């Protein structure tokens with residue numbers, strides 16, 4: 001039995017999709033609100049796309065002055081899957097936080113680093129769902145910094161049963 | 001001007017390729033020995049493949065009991081690029097730590113999660129270079145846990161000038 005701590009809607013922009021994840025499942029290092037050591041990615045869904053912002057820590061470096069690709073891949077992963085989850089609730093005409101909880105896991109993460117991502121910048125990630133068929137979904141995501149698209153990515157996610 | 005803190009060879013297995021990175025460049029969150037907050041991926045090259053082992057921390061969870069995909073992508077990234085660097089020194093018949101330093105950056109990271117990776121397990125990553133042509137290199141990498149291949153990946157890396 002999974003308990004939700006609050007029902008709600010995303011369209012008002014006040015609450016991220018990850019904040020609806022039940023406490024016992026919200027342990028993801030990337031986006032679990034219940035992981036005190038994690039990155040706490042928060043995906044805001046506006047009905048068409050997911051948006052998040054993230055400011056890397058100084059220790060999230062690759063080479064001096066640039067952001068680590070593994071961090072960027074992590075942000076892309078959680079934000080894209082969060083966007084898929086938000087879109088899936090919308091496709092079912094349901095508010096997040098209503099039963100049954102919608103859970104997707106990443107099957108493939110394909111990240112292209114177009115140019116170095118500056119470390120001392122606020123990153124903006126924008127994700128869109130390009131396919132939502134049966135249990136399988138696809139999303140495209142970009143990472144922008146200082147007005148430039150530094151990363152493009154595609155994520156394939158698969159819906160899983162919340163009891164498993 | 002880049003200073004190396006020690007010359008050496010990898011084939012004896014005693015020193016990881018990342019340990020030859022000059023201090024001022026060794027700040028990568030994934031594999032920089034000079035980043036006190038980092039993951040410290042260490043790639044050991046045996047002349048044919050790169051091998052590393054990593055034990056995730058309890059906070060590196062995805063869902064309970066499984067390892068976070070973003071961490072796995074990070075390990076794959078640094079270990080694959082480390083393997084490319086080791087292979088590149090070998091291709092030039094040079095020991096790591098000799099000038100000029102060889103630096104590659106990741107252009108594309110494509111990670112497939114075949115099955116959940118257990119969290120409380122030692123991971124083994126094995127990477128092989130599949131192409132090393134001009135400035136561009138490709139590597140394939142797998143992540144094994146408890147005897148199973150949980151992740152397969154391909155990385156495209158591009159050699160960059162150490163002065164840039």
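Chains as they are written, first to last, in this note's numbering: chain A, 1 to 164; chain B, 1 to 164.
Each residue gets a CB set at the ideal place from its N, CA and C atoms; glycine is no exception.
Here the structure is a predicted model, which is why all the values come from computation and not from measurement.
query	result
Same chain only: Cβ atoms within 7 Å of residue 57 of chain B, ignoring 5 sequence neighbours per side	none
Neighbour list for residue 60 of chain A in chain B, Cβ cutoff strictly below 8 Å	29
Cutoff 7 Å; reference residue 85 of chain A; Cβ partners in own chain excluding five residues on either side	17, 102 and 104
Cα-Cα separation, residue 6 of chain A to residue 24 of chain A	Model confidence at residue 6 of chain A stands at a pLDDT of 43, short of 50, so the residue's coordinates are unreliable and nothing is read from them.
Interface positions of the region 105-127 of chain B facing chain A (Cβ-Cβ less than 7 Å), listed along the chain	106, 107, 108, 109, 110, 111, 112 and 113
Neighbour flag for residue 99 of chain B against chain A, beta carbons, 7 Å	no
Residues that DSSP places opposite residue 42 of chain B in a beta bridge	DSSP lists no partner for residue 42 of chain B.
7 Å Cβ cutoff, residue 68 of chain B in contact with chain A	yes
Pairwise C-alpha distance: residue 95 of chain B and residue 8 of chain B	Note on residue 8 of chain B: pLDDT 48, under 50, position unreliable in the model; the coordinate value appears next. Computed Cα separation, rounded: 6 Å.
For residue 140 of chain B, the three-state DSSP class (helix, strand or coil)	strand
Residue 115 of chain A classed as buried or exposed, judged by whether at least 16 other C-beta atoms fall within 10 angstroms	exposed
Environment of residue 21 of chain A [buried if 16+ CB atoms lie within 10 Å]	buried
Helix, strand or coil at residue 102 of chain B [DSSP, three-state]	coil
Range covered by the alpha helix (DSSP H) that runs through residue 70 of chain A	69-91
Chain B contact for residue 74 of chain A (CB, 7 Å cutoff)	yes
Within 7 Å, strictly: CB atoms of residue 50 of chain A and residue 83 of chain A	yes
Spatially closest choice to residue 39 of chain B from B:48, B:46, B:52 and B:113, by CA coordinates	B:52
Residue-chain proximity (residue 37 of chain A, chain B), Cβ-Cβ < 7 Å	yes
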